[in-house]
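What follows is a short report on a single structure.
Here's what the structure looks like:
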């Protein structure tokens with residue numbers, strides 16, 4: 004594997020040399036990028052001697068100011084030829100730039116051009132680590148799928164004792180190789196996903212819907228893409244930006260979502276129904292806006308198509324994951340839906356509590372499988388839950404790896 008090691012400014016920069024050597028001993032090809040601050044701690048010659056490759060220290064050309072077309076697009080070429088970016092150490096400054104899309108040197112520009120797994124082992128003062136701004140930046144990166152290796156605790160170069168030490172090289176190498184393995188896990192496979200709510204029109208102005216934002220479905224799409232899958236994303240109305248690389252099919256109603264899913268079903272190996280499809284729709288849609296003075300005393304409803312049940316009857320060898328949102332009896336409802344819809348796995352979301360479920364960054368869930376296994380996912384980010392779901396799918400499909 005070809006790996007880029009980015010070295011940012013910090014006293015732990017010398018440990019990056021040990022990391023480069025350890026990755027090479029595992030038969031990886033390594034190239035190194037150094038920020039200007041990193042060069043105050045370790046000279047580029049050290050990494051050039053270790054890797055046998057030029058160490059990139061400038062955005063354009065050399066320090067003499069020479070620039071060529073090749074140097075101007077080198078960050079794109081490097082992103083295309085390497086399979087992982089590992090930043091060690093990752094300073095608070097670099098984490099902030101990554102989180103906010105600031106690209107003012109080669110390393111931060113490369114990060115924006117990267118489409119594969121990124122590992123970020125930190126090293127900084129304890130107060131900098133626990134600062135709310137740093138923690139918010141880390142949470143942003145985690146939600147985007149960046150692998151964050153939590154720092155160790157101990158005596159720091161500044162004289163303090165606490166969290167902020169760069170991890171042992173062996174721990175970082177293990178995390179990188181696990182991420183690399185995941186990045187190829189779904190190559191050659193197609194994941195068909197649904198996300199967001201549906202809207203069922205009452206008249207040209209009003210509709211029935213629910214609180215779904217699409218965050219969970221988008222997190223699943225991003226995770227599938229990170230693992231090498233082709234992703235078909237059938238999405239109801241949402242204000243979120245869909246993950247880059249997904250084949251997006253936008254729909255409005257449950258009927259439109261059903262038609263879109265069934266039209267692409269033959270292409271899929273894995274189907275994940277994360278959308279919050281409206282259970283009911285108005286029995287009659289009015290062609291004109293209903294005036295308040297003429298509003299009916301009761302609204303007549305009819306059920307929408309049961310998309311999950313229909314897929315369950317047609318799935319064949321495909322792996323089918325359903326979602327259920329409940330405020331109580333999570334396990335019972337998950338088992339009931341698993342059997343009734345012929346699913347291989349059901350993810351039961353706990354909703355109705357502050358900070359989790361619909362339109363929240365976090366989630367809490369139970370994963371129930373057809374093999375009778377139940378796994379509790381404690382409160383965490385939706386991207387973390389997405390990773391957990393795909394880990395379980397991978398474990399349950401050994402023949403298709």
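Numbering (the working numbering), first residue to last: 4 to 404.
We treat Cβ as the ideally placed atom computed from N, Cα and C, and that holds for glycine.
Would you list the one or two residues that DSSP bridges to residue i?
{"i": "residue 305", "result": "284"}
{"i": "residue 326", "result": "350"}
{"i": "residue 438", "result": "For the chain, the structure presents residues 4 to 404; residue 438 sits outside this window and is missing."}
{"i": "residue 372", "result": "348"}
{"i": "residue 122", "result": "89, 150"}
{"i": "residue 169", "result": "DSSP output for residue 169 lists no bridge partner at all."}
{"i": "residue 130", "result": "According to DSSP, residue 130 bridges with nothing at all."}
{"i": "residue 204", "result": "210"}
{"i": "residue 365", "result": "359, 384"}
{"i": "residue 37", "result": "10"}
{"i": "residue 59", "result": "36"}
How about residue i and residue j: do their beta carbons lie closer than 8 Å?
{"i": "residue 26", "j": "residue 33", "result": "yes"}
{"i": "residue 327", "j": "residue 343", "result": "no"}
{"i": "residue 81", "j": "residue 172", "result": "no"}
{"i": "residue 206", "j": "residue 293", "result": "yes"}
{"i": "residue 393", "j": "residue 226", "result": "yes"}
{"i": "residue 53", "j": "residue 30", "result": "no"}
{"i": "residue 249", "j": "residue 266", "result": "no"}
{"i": "residue 201", "j": "residue 260", "result": "yes"}
{"i": "residue 123", "j": "residue 148", "result": "no"}
{"i": "residue 324", "j": "residue 192", "result": "no"}
{"i": "residue 116", "j": "residue 4", "result": "no"}
{"i": "residue 304", "j": "residue 284", "result": "yes"}
{"i": "residue 370", "j": "residue 378", "result": "yes"}
{"i": "residue 203", "j": "residue 256", "result": "yes"}
{"i": "residue 263", "j": "residue 252", "result": "yes"}
{"i": "residue 41", "j": "residue 10", "result": "yes"}
{"i": "residue 354", "j": "residue 340", "result": "no"}
{"i": "residue 221", "j": "residue 240", "result": "no"}
{"i": "residue 175", "j": "residue 22", "result": "yes"}
{"i": "residue 112", "j": "residue 37", "result": "no"}
{"i": "residue 137", "j": "residue 98", "result": "yes"}
{"i": "residue 367", "j": "residue 381", "result": "yes"}
{"i": "residue 385", "j": "residue 219", "result": "yes"}
{"i": "residue 375", "j": "residue 345", "result": "no"}
{"i": "residue 152", "j": "residue 170", "result": "yes"}
{"i": "residue 399", "j": "residue 365", "result": "no"}
{"i": "residue 396", "j": "residue 322", "result": "yes"}
For the beta strand (DSSP E) holding residue i, just list the boundary residues, first then last.
{"i": "residue 235", "result": "233-238"}
{"i": "residue 379", "result": "377-384"}
{"i": "residue 96", "result": "First-last for residue 96: 95-103, but that is the alpha helix (DSSP H), not the beta strand (DSSP E)."}
{"i": "residue 194", "result": "193-198"}
Check for me: the alpha helix (DSSP H) holding residue i runs from which residue to which?
{"i": "residue 313", "result": "310-317"}
{"i": "residue 184", "result": "172-186"}
{"i": "residue 139", "result": "135-146"}
{"i": "residue 53", "result": "47-54"}
{"i": "residue 111", "result": "109-116"}
{"i": "residue 333", "result": "333-343"}
Report yes or no: is there a C-beta of chain D within less than 8 Å of the C-beta of residue i?
{"i": "residue 183", "result": "As a matter of chain content, chain D is missing from the structure shown, which is built from one protein chain."}
Taking one C-beta from the stretch 193-206 and one from the stretch 274-289 each time, how about it: are there three or more such pairs within less than 8 Å?
-> yes
Do the stretch 130-144 and the stretch 92-102 touch if we need at least three Cβ pairs shorter than 8 Å?
-> yes
Tell me, please, whether the stretch 354-366 touches the stretch 206-215 by the rule of three or more beta-carbon pairs shorter than 8 Å.
-> yes
Is it true that the stretch 222-233 meets the stretch 297-310, where meeting means three or more beta-carbon pairs spaced less than 8 Å apart?
-> no
Could I get the ranges of all uninterrupted beta strand (DSSP E) runs contained in the stretch 244-285, with 3 residues as the minimum, in chain order?
-> 250-253, 273-276, 283-285
For the stretch 6-20 and the stretch 83-93, state whether three or more C-beta atom pairs, one from each stretch, are separated by less than 8 Å.
-> yes
Whole alpha helix (DSSP H) runs in the stretch 208-235 with 4 or more residues, listed along the chain?
-> Residue ranges of uninterrupted alpha helix (DSSP H) with 4 or more members, entirely inside the stretch 208-235 and ordered along the chain, are 218-229.
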